[in-house]
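Residue numbers (my numbering): 186 to 366.
The structure is reproduced here in structure tokens:
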């Protein structure tokens, strides 16, 4: 079962809005994921979070000369929000523009910080890995996997698992800050 749309709307409007206002940034780019039923089932109930907050659901924005694309999908997980099987994911990834500089995706690419902690299985998408290899963005950031927080570089691409919570949903990690030239 998922949290009620009312609860999510209230949380976004109160707690999340307060947190956003405290951040020392000019712009915020968000991309929902498997917990964010409100974005999948009733996006009209998402409160306006401000003109500087850019929510990307299979779309792109450009900030500071960087082309940023966001996509919320991941492989099936507990029948939660934004789940697709690999063949459906491949169609989503094909929409990612070739000239993307930063890719925000909820689910990880296959074999990049995608080992799930309960049974050590890969939870990343093979077709996402293939698309990333083809378009070569500078940065790929995701958060679905609560097990492998951190930054790695492969083939000139910086990968960020930005999940701040562990597998018990305890927020015990620091945000990752990258210096983008």
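We put the beta carbon where it would ideally sit given N, CA and C, even for glycine.
Please read all numbers here as calculations on a predicted model, not as lab measurements.
Cα-Cα separation, residue i to residue j
i           : j           : result
residue 344 : residue 238 : 23 Å
residue 301 : residue 278 : 22 Å
residue 320 : residue 293 : 16 Å
residue 216 : residue 201 : 14 Å
residue 218 : residue 255 : 10 Å
residue 235 : residue 190 : 20 Å
residue 232 : residue 308 : 31 Å
residue 246 : residue 253 : 5 Å
residue 275 : residue 346 : 21 Å
residue 212 : residue 352 : 29 Å
residue 311 : residue 334 : 20 Å
residue 338 : residue 357 : 23 Å
residue 199 : residue 230 : 14 Å
residue 220 : residue 355 : 15 Å
residue 261 : residue 270 : 6 Å
Residue burial classification, residue i (beta-carbon count within 10 angstroms, cutoff 16)
i           : result
residue 204 : exposed
residue 348 : buried
residue 186 : Bear in mind that the predicted position of residue 186 carries a pLDDT of just 41, short of 50, making it unreliable; the figure below should be weighed with that in mind. Exposed, by the Cβ-count rule.
residue 340 : exposed
residue 214 : buried
residue 193 : buried
residue 350 : exposed
residue 315 : exposed
residue 330 : buried
residue 367 : Residue coverage of the chain in this structure runs from 186 to 366, which leaves residue 367 outside it and unanswerable.
residue 257 : buried
Terminal residues of the beta strand (DSSP E) in which residue i lies
i           : result
residue 332 : Neither: residue 332 is in no beta strand (DSSP E) and is coded neither H nor E.
residue 287 : 287-290
residue 240 : 238-240
Residue(s) in a DSSP beta bridge with residue i
i           : result
residue 339 : 342
residue 356 : 350
residue 246 : 253
residue 282 : Answer is none; residue 282 lacks a bridge partner.
Host alpha helix (DSSP H) of residue i (start-end)
i           : result
residue 252 : Careful: residue 252 lies outside any alpha helix (DSSP H), inside the beta strand (DSSP E) at 251-256.
residue 224 : 222-226
residue 320 : 311-320
residue 190 : 190-196
Review point. Taking one C-beta from the stretch 297-312 and one from the stretch 242-250 each time, how about it: are there three or more such pairs within less than 8 Å?
Key: no
Practice item. Please confirm if the stretch 221-229 is in contact with the stretch 265-279, defined as three or more CB-CB distances below 8 Å between the two stretches. Key: yes
Review point. Three or more C-beta pairs closer than 8 Å, one from the stretch 310-328 and one from the stretch 285-295: is that the case here?
Key: yes
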